[in-house]
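Report on one structure; see the data block that follows.
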Amino acid sequence: VQTGWANAYISEVIVCNTDLSTEDRQKLEGYLAWKWGLTANLPADHPYKSAPPTTSAPALDPDAAAYISAVETADGQALEAGVVTAINNFVVGCKADGIWDAIKSSAILAGARTLSGALQPLVGTAPTNFNFVSGDYDRKTGLKGNGSTKYLNSNRNNNADPQDDRHVACYRSRAQNSNQAYIAARTGGNVIGANYLWTTGAAPQFTCVPNTDTHTSNGSDTIGVATFHGVSRANSTTTTGRISGVNYSFSSTSATPISNNLRIFCGANDSIPEFFTNARLSFYSIGEALDLAALDTRVSALMTAIDGAIA
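For the record, in the sequence shown the residue sitting at position 280 is 573 according to the working numbering, with numbers rising by one throughout.
Structure representation (structure tokens):
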């Protein structure tokens, strides 16, 4: 006989196909209590009252574990197991591909439960937030710019990496206007010597200007389509750009990097709306030259896994 409704939330259900031993039942109780912040409900004599069970937990890469811990602390709640696995697989995969050490500044702007958690750095210094609020953040698709005032200061200087050994990259998960920057370091209107990643044109062309003031368009881009954008320079004469799963190589004159922090969602001239984007970005990476195709594969898999892990 139905007598009423539970005034509660169900966050996770585990179905077992056999009777559990007392030990296994207590492990499940401990796992769930620690995952969902319910340890106070465990009896005082419970074996996992003071520490979670560890024997069945998969080992995490140390760098992934440190990042996950920082995010969960900022969120005030544990991440779903699928999100944890996605992050760990990304870090392990980047290391296997030999591109992890080239990443000097990076943030996964998705997956975390809160904006504070999303702004925790995967690598390097945390970005400084200018004008983004919680409503701008979506766990699956990342941060949404407004094309005029909202940006992140990566706190990574444009000249921190060698002049001819550098990359910038991001993952755009939603639309943006044309003629706007994703990642840039500028002094007023000057882009000479700047890492510069943006779109331009009515049906915009991908534009990479990592070390010159000559805008070189390479590769078609469709507004509104989720895609990886990247530019990498490993020598003094050639730059590689990547968009929509295709690499483009073009000549680009080397120039001394300007000393200005790289911005995400805009150029370093923070007062000119032309240099802002209304794109939704869910990842960025800055550092030394690397294999853009490998990073694209890892980031795209990360975003797909995070999307699938979040209800």
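Glycine included, every Cβ here is placed at the ideal spot set by N, Cα and C.
- Remark: three or more beta-carbon pairs, one from each stretch, lie closer than 8 angstroms, so the segment 584–592 and the segment 535–555 are flagged as touching.
- It is roughly 8 angstroms from the alpha-carbon of Y430 to the alpha-carbon of L402.
- The beta carbon of A395 lies closer than 8 angstroms to those of H460, G580, E581, A582, L583 in the same chain, with the five residues before and after it left out.
- Nearest C-alpha to S552 among N450, A604, G523: N450.
- By the neighbour-count criterion, in which a residue is buried when 16 or more other Cβ atoms sit within 10 angstroms of its Cβ, T597 is exposed.
- Taking 8 angstroms as the cut-off, the Cβ atoms of F383 and R591 count as close.
- Remark: three or more beta-carbon pairs, one from each stretch, lie closer than 8 angstroms, so the segment 437–454 and the segment 409–425 are flagged as touching.
- Taking a C-beta distance under 8 angstroms as the contact criterion, A602 and V376 qualify as a contact pair.
- Of the other Cβ atoms in all chains shown, 16 or more fall within 10 Å of the Cβ of R406; this residue is therefore buried.
- For R591, the three-state secondary structure derived from DSSP is helix.
- S466 places its beta carbon 8 angstroms or farther from that of G428.
- Per DSSP, the unbroken beta strand (DSSP E) holding V539 starts and ends at 539–544.
- Membership of K397 in any alpha helix (DSSP H) is not indicated; the residue belongs instead to the beta strand (DSSP E) covering 396–401.
- The DSSP-derived three-state label of C559 is strand.
- For the options G323, G440, S545, P355, the alpha carbon positioned closest to that of I557 is the one of G440.
- With at least 16 other beta carbons inside 10 angstroms of its own, R432 counts as buried.
- If only complete runs of 3 or more residues are kept, the segment 417–451 shows the beta strand (DSSP E) at 421–423, 435–437, 444–450, in order along the chain.
- By the neighbour-count criterion, in which 16 or more other beta carbons inside 10 Å mark a residue as buried, L331 falls on the exposed side.
- Here A478 is not near T570, since their CB atoms are 8 angstroms or more apart.
- Burial check for A604: the Cβ neighbour count within 10 Å stays below 16, so the residue is exposed.
- With fewer than 16 other Cβ atoms from the protein chains shown falling within 10 Å of its own Cβ, G391 counts as exposed.
- Nearest neighbour of S593 by Cα position, chosen from T531, I380, N554, F521, turns out to be F521.
- When DSSP states are grouped into helix, strand and coil, R318 belongs to the helix group.
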